[in-house]
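The next block holds one structure in the form of structure tokens; read it before the comments.
Here is the structure:
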């Protein structure tokens, strides 16, 4: 299940700031940034597991299967239900964290930082790169690259 993701994106709903609601440059080690990076990684791993499990259970080769679409029909489709059950079981046992976070670049005028880290998935470490930026609406915007499972 090795796949490289060029970029995945998440936007934090809340205004992120250390000084009221005037957002400063978010850093890769900020708790909200780390949380979003891990959520993006979990979503990508879930997507890859869904495709692999569906192909295994249905014995039909597929390129990509949507977790959300399978979940929606899990009650009426036995294969979809088995796939979702197996994916959820696997995901519930996986622990992810970010380690060895390094700030590679800070662009204060853009309110953007670039970071590198190791994504720990249970006992395996995967290199990861990500950016964090405050968008025009004052929301946190995170892009992740380099996910390989």
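In the working numbering, the protein residues as written are 688 to 836. All C-beta atoms in this analysis are idealised placements derived from N, C-alpha and C, irrespective of residue type, glycine included. Bear in mind that the values here come from a model prediction, so they are computed numbers and not experimental data.
For residue 786, the enclosing beta strand (DSSP E) has its first and last residue at 783 to 794. Linking residue 747 to residue 738 through their CA atoms gives a straight-line distance of about 10 Å.
Going by DSSP, residue 774 is part of the alpha helix (DSSP H) stretching over 765 to 780.
In its chain, beyond the 5 residues on either side, 714, 715, 800 and 802 have a beta carbon closer than 7 Å to the beta carbon of residue 790. Residue pairing by DSSP puts residue 815 in a beta bridge opposite 804. When the beta-carbon positions are compared, residue 821 and residue 798 come within less than 8 Å of each other.
If you ignore the 5 residues before and after residue 725, its C-beta comes within less than 6 Å of the C-beta of 783, all in its own chain and listed in chain order. Residue 810 and residue 804 have their C-alpha atoms roughly 15 Å apart. A straight-line Cα-Cα distance of about 7 Å links residue 760 and residue 768. Put simply, of 818, 824, 823 and 825 the residue whose alpha carbon is nearest the alpha carbon of residue 831 is 818. With fewer than 16 other CB atoms across the displayed protein chains lying within 10 angstroms of its CB, residue 749 is exposed. Cβ contact annotation for residue 758 (same chain, cutoff 8 Å, sequence separation greater than five): 767 and 771, in chain order.
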